[in-house]
Amino acid sequence: MTSGIEFFQSNAGARIYRIPLELFPILSGYAHLVFIDDIVALIDVGSGFGDCNAQLEAGMDELRTSYGERANWEDIHYVLITHGHVDHFGGLRYVRERTQAEIGIHELDLPVLANYEERLKIVENRLRAFLVEAGVESQKREGIMILYMLNKQLYSSLPPDFTYDAEGMRVGPFLITHVPGHCPGHVVIQVNDVLFSGDHILKKTSPHQAPESLSLYTGLGHYLESLRHVRRIAGGIRLTLGGHEGPIDDLEGRIQEIEALHLDRLEQVLELSNEPMTIAQISQALFPGVEGYHELLAIEETGAHVEYLSQRGYLNIDNIDGLDFESPAPIRYIRSMGADRLKVAFNNKHPEPAAAPEGI
Ligand SMILES: [Zn+2]
Ligand SMILES: [Zn+2]
1 MTSGIEFFQS NAGARIYRIP LELFPILSGY AHLVFIDDIV ALIDVGSGFG
51 DCNAQLEAGM DELRTSYGER ANWEDIHYVL ITHGHVDHFG GLRYVRERTQ
101 AEIGIHELDL PVLANYEERL KIVENRLRAF LVEAGVESQK REGIMILYML
151 NKQLYSSLPP DFTYDAEGMR VGPFLITHVP GHCPGHVVIQ VNDVLFSGDH
201 ILKKTSPHQA PESLSLYTGL GHYLESLRHV RRIAGGIRLT LGGHEGPIDD
251 LEGRIQEIEA LHLDRLEQVL ELSNEPMTIA QISQALFPGV EGYHELLAIE
301 ETGAHVEYLS QRGYLNIDNI DGLDFESPAP IRYIRSMGAD RLKVAFNNKH
351 PEPAAAPEGI
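Under our numbering, the first residue of the sequence shown carries the number 1, and numbering increases by one thereafter.
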């Protein structure tokens with residue numbers, strides 16, 4: 001049986017192995033094991049769900065037997081978590097019991113690891129209020145909340161050993177850049193000309209966005225700013241490896257695609273808001289027919305775009321007089337005057353590359 005490990009090398013000789021994992025029944029992804037000089041680092045650890053830990057073990061076993069690497073738990077110096085989502089850190093308890101490696105995360109995601117139950121309770125309450133304000137009717141809300149809580153009880157708090165911030169955003173040969181948006185403490189990790197992008201940039205999917213009202217330091221505004229940040233270092237990156245999906249060869253091009261997708265989606269939301277609309281109504285128009293957990297993702301994604309637009313004055317609240325801020329109620333948004341500046345303002349921040357001269 002082949003485990004499907006992929007091997008890459010950086011321009012300065014780091015050996016990088018991609019270990020495929022089934023994170024959840026409908027979600028696959030990767031842990032990466034990196035050998036550079038005498039340092040061994042594991043980047044993300046999988047979900048810990050189902051066979052995920054066994055797949056991680058099988059991957060390390062193959063590195064020892066087929067590649068001759070010192071891939072034992074006691075050989076690992078660092079476990080670097082890209083962000084505080086359970087499909088990337090859920091296996092930490094299993095890993096902690098087997099290695100003395102130091103576990104690191106960005107300080108804005110530290111509470112998710114160290115105080116998981118508290119974070120879960122806070123987010124659960126915010127999500128309930130958000131779904132009411134988004135105009136999701138009560139029976140559907142309950143169904144969504146049950147789905148949301150389903151896999152969340154698998155993990156229990158486990159404090160990391162250090163934060164990237166306290167290390168000056170550098171761990172041995174690894175350069176860490178904070179890229180909030182998809183998650184408050186999301187980072188990308190650079191070694192030589194290779195970038196580990198977690199869920200900040202993926203090859204096919206545009207990474208999921210949720211409104212900042214659910215979790216501070218997320219939100220589309222932060223996310224787009226973080227894309228600009230990575231664009232500035234993209235010239236030095238030959239290969240980008242995300243936490244899911246295939247390797248990315250053209251990082252700058254992929255960033256531009258994601259930016260264009262969000263501008264397009266923002267324009268669609270404005271178009272739909274010619275009439276007063278709730279987030280749930282806009283979501284149904286943008287993502288017709290989605291069900292179950294994907295419906296929650298669609299509503300959050302829409303909420304992130306509506307929040308971006310209303311923060312910047314492109315949308316107004318149509319039913320402000322009927323809102324009682326003591327208890328959440330559905331909010332209807334309407335396009336404001338002057339919404340045409342969106343494209344200009346967006347493209348000023350995210351310029352398209354200079355057009356190639358004609359004839360080339
Ligand atoms: Zn994620
Ligand atoms: Zn993920």
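Where is the CB? At the ideal position from N, CA and C, for every residue including glycine.
Throw me the rounded Cβ distance for the VAL194 and SER10 pair, which I believe falls under 8 angstroms. Between SER10 and VAL194 the Cβ distance is about 5 angstroms, and since that is below 8 angstroms, they are a contact.
8 angstroms contact criterion, which LEU315 and TYR333 should meet: CB distance rounded: Cβ atoms of LEU315 and TYR333 come within 8 angstroms of each other, at about 5 angstroms.
If we ignore side chains and look at the alpha-carbon of each, how far apart do VAL123 and ARG341 end up? Taking the straight line from one Cα to the other gives about 34 angstroms.
In terms of residues, what are the limits of the alpha helix (DSSP H) holding ALA166? Counting along the chain, ALA166 falls outside any alpha helix (DSSP H), and DSSP gives it neither H nor E.
Can you check the stretch 263-326 for any beta strand (DSSP E) of at least 3 residues that lies completely inside it and give the ranges in chain order? The qualifying runs are 315-317.
Assuming GLU142 is part of the alpha helix (DSSP H), what are its boundary residues? Counting along the chain, the alpha helix (DSSP H) containing GLU142 begins and ends at 138-150.
Which residues in the same chain as GLY243 place their Cβ atom closer than 7 angstroms to its Cβ, once the five residues preceding and following it in sequence are excluded? The residues are GLY29, TYR30, ASP44, THR82, HIS88, GLY198, ASP199.
Proximity to LEU154 [Cα-Cα], best of TYR308, GLU259, LEU113, ILE76: Out of TYR308, GLU259, LEU113, ILE76, LEU113 has the C-alpha closest to the C-alpha of LEU154.
Contact between the stretch 204-212 and the stretch 157-165 (3+ Cβ pairs under 8 angstroms): Using a Cβ-Cβ distance cut-off of 8 angstroms, the stretch 204-212 and the stretch 157-165 are not in contact, since fewer than three pairs of beta carbons, one from each stretch, lie closer than that value.
Based on the DSSP output, what are the partners of HIS32 in its beta bridges? By DSSP's assignment, HIS32 forms a beta bridge with ARG18, ILE43.
C-alpha distance - LEU297 paired with ASP75, whole-angstrom precision: Near 39 angstroms, if we compare the C-alpha coordinates of ASP75 and LEU297.
Are there any heavy atoms of ligand 2 lying less than 7 angstroms away from the beta-carbon of HIS294, as far as the coordinates show? Taking the Cβ of HIS294 as the reference point, every heavy atom of ligand 2 lies at 7 angstroms or farther away.
Count the CB pairs spanning the stretch 102-111 and the stretch 268-283 that are closer than 8 angstroms, and state whether there are at least three. With the cut-off at 8 angstroms, the stretch 102-111 and the stretch 268-283 do not touch.
How would you write the range of the alpha helix (DSSP H) that VAL132 sits in, first residue to last? Residues 116-133.
With 8 angstroms set as the bound, which would you pick, yes or no: does the beta-carbon of HIS85 sit closer than that to a beta-carbon of chain D? Looking for chain D here will not work: only one protein chain is present.
Helix or strand or just coil, what does DSSP make of GLN9? In this structure, GLN9 counts as strand in the three-state DSSP scheme.
In angstroms with no decimal places, state the Cα-to-Cα distance between HIS350 and SER156. About 40 angstroms.
For ILE197, which of helix, strand or coil comes out of DSSP? The residue you asked about is not Ile; residue 197 is Ser in the sequence shown. Looking at SER197 - three-state DSSP - the assignment turns out to be strand.
Taking SER215 as the reference, which of ARG128, LEU150, PHE196, GLY313 has the closest Cα? For SER215, the closest alpha carbon among the candidates ARG128, LEU150, PHE196, GLY313 is that of ARG128.
Measuring alpha carbon to alpha carbon, tell me which residue in HIS222, SER327, ILE299, ARG232 is nearest GLN311. GLN311 has its Cα closest to that of HIS222, out of HIS222, SER327, ILE299, ARG232.
I need the DSSP call for SER213, collapsed to helix, strand or coil. Coil, per DSSP.
Per DSSP, cross-strand counterpart(s) of VAL191: VAL194.
Would you identify the three-state DSSP class for ARG370, choosing helix, strand or coil? Not covered by the structure: residue 370. The range shown for the chain is 1 to 360.
Nearest to GLY46 by alpha carbon, out of ALA339, GLY135, ALA54? Comparing Cα positions, the closest option is ALA54.
Can you tell which of GLU326, ASP321, LEU266, PRO328 has the C-alpha that lies nearest to the C-alpha of GLY313? Taking GLY313 as reference, the option from GLU326, ASP321, LEU266, PRO328 with the minimal CA-CA separation is LEU266.
Sort out for me which residues DSSP pairs PHE174 with in a bridge. The partner list for PHE174 (beta bridge, DSSP) reads VAL171.
Taking LEU131 as the reference, give the member of GLY322, ALA280, GLU352 with the closest Cα. In terms of Cα proximity to LEU131, the closest of GLY322, ALA280, GLU352 is ALA280.
Compare the C-alpha of GLU225 against each of MET149, PHE325, ASN347 and name the closest. Relative to the Cα of GLU225, the nearest Cα in the group MET149, PHE325, ASN347 belongs to ASN347.
Opening and closing residue of the alpha helix (DSSP H) in which GLY243 lies: Run containing GLY243: none; DSSP gives neither H nor E here.
Test item, CB below 5 angstroms from any non-hydrogen atom of ligand 2: Listed along the chain, these residues meet the criterion: ASP87, ASP199, GLY243.
According to DSSP, is TYR78 part of a helix, a strand, or is it coil? Under the three-state reduction of DSSP, TYR78 is assigned to strand.
Ignore the nearest five residues each way along the sequence and tell me which others in TYR419's own chain have a CB closer than 7 angstroms to its CB. In the structure as shown, the chain starts at 1 and stops at 360, and residue 419 therefore has no counterpart that could be examined.
For ligand 1, any of its heavy atoms closer than 7 angstroms to the Cβ of HIS178? False, no ligand heavy atom lies under 7 angstroms from that Cβ.
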